[in-house]
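In full-length UniProt numbering, the protein residues as written are 1 to 89. Positions of the beta carbon are idealized from the N, C-alpha and C atoms, including for glycine. Single-structure report; data block below.
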Amino acid sequence: MSGQTKYDEHAHLVEKMAEVLGVDLDEETMAGRWTPEDMQDTVSRCLGCTDPSQCKGWLGSHDAGADETPGFCRNKDLLEAMRARLVSA
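Below is the structure:
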């Protein structure tokens, strides 16, 4: 798998995880709270995951949404902080 393809796969996982948590990354970008650099950093952490299939399985079983990020997610703290800010707004 090429580096770009692997990056794209993990970018999709980040986007899907945010979506499942109710975080709209496009909206966050338009509001100035999320930058392309933030996305790169988040995807870079995701790329360090040793078992992306575990994430895919979790996402597949949470299509209706979730209140928290799974413990194995390398972006758990970031995504939950984003979700908490949105929920409290």
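Through-space distance from residue j to residue i, alpha-carbon basis
i	j	result
G22	G48	24 Å
H62	S88	22 Å
A31	A66	23 Å
residue 136	R74	A query on residue 136 cannot be resolved here, the shown segment of the chain reaching from 1 to 89 and no further.
Outcome for residue i when other beta-carbon atoms lying within 10 angstroms are tallied against a minimum of 16
i	result
M17	buried
R83	buried
T69	buried
Simplified DSSP state of residue i, which is helix, strand or coil
i	result
H10	helix
S88	helix
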